[in-house]
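Anchor point for the first sequence: position 43 equals 581 in this note's numbering, and the numbering is continuous, going up by one each time.
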Amino acid sequence: MAYWLFKSEPDVWGWDKQVAKGEAGEQWDGVRNYQARNNMRAMKLGDRGFFYHSRTGLEIVGIVEVCAEAHQDSTTDDERWECVDIKAVRPFTRPVTMKEIKADPRLAEMSLVNNSRLSVQPVTDAEWQIICEMGNTKP
DNA sequence: GCCAACGTTGGC
DNA sequence: GCCAACGTTGGC
539 MAYWLFKSEP
549 DVWGWDKQVA
559 KGEAGEQWDG
569 VRNYQARNNM
579 RAMKLGDRGF
589 FYHSRTGLEI
599 VGIVEVCAEA
609 HQDSTTDDER
619 WECVDIKAVR
629 PFTRPVTMKE
639 IKADPRLAEM
649 SLVNNSRLSV
659 QPVTDAEWQI
669 ICEMGNTKP
């Protein structure tokens, strides 16, 4: 199983809205960046991801699961853009902030740290474990 | 609200 | 196919 990180702007689509969608989940639409789209194409059913709040939160607030593999983004007719569906799994016991992530040398390779503009990113197994521990949350 | 970093566009 | 100009993102 692979791990990922999804960035949201909480003003537009935050963790609470994601939780409200329940088991059905919701498509992660609106991505208009090839690298981010390619990451979504690589996702498999059951893959897990961190749910990150950018701009007004700057912290990882929860864990999500891919509940539908890549398909056409229904918010556009442009066939280039695809997205997956994700559903909330559990919130972080304690959110892990960008500050904490930046302060840990083991996490220095994360895109979140060195390519802040990529909105859908891969996360390694090791990074996943470390961040879950930091948030006192079951992986 | 500012601005650096990055991705995309389009003229040549 | 290069690269300058432009638009967007996101941390601060």
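The beta-carbon is built from N, C-alpha and C at its ideal position, and this holds for glycine as well.
- Within the segment 648 to 676, the complete alpha helix (DSSP H) runs of at least 4 residues fall at 649 to 652 and 663 to 672.
- Annotation for ARG579: the continuous alpha helix (DSSP H) segment containing it runs 572 to 579.
- Annotated three-state conformation of ARG586 is strand, per DSSP.
- Among the bridge pairs identified by DSSP, THR635 is matched with GLU597.
- Under the three-state reduction of DSSP output, LYS640 falls in the helix class.
- Fewer than three beta-carbon pairs drawn from the segment 648 to 658 and the segment 605 to 620 are found closer than 8 Å, and the two stretches are therefore not classed as touching.
- Apart from sequence neighbours up to five positions away, the residues of its chain that approach ASP642 with a beta-carbon distance below 8 Å are ILE668 and MET672, ordered along the chain.
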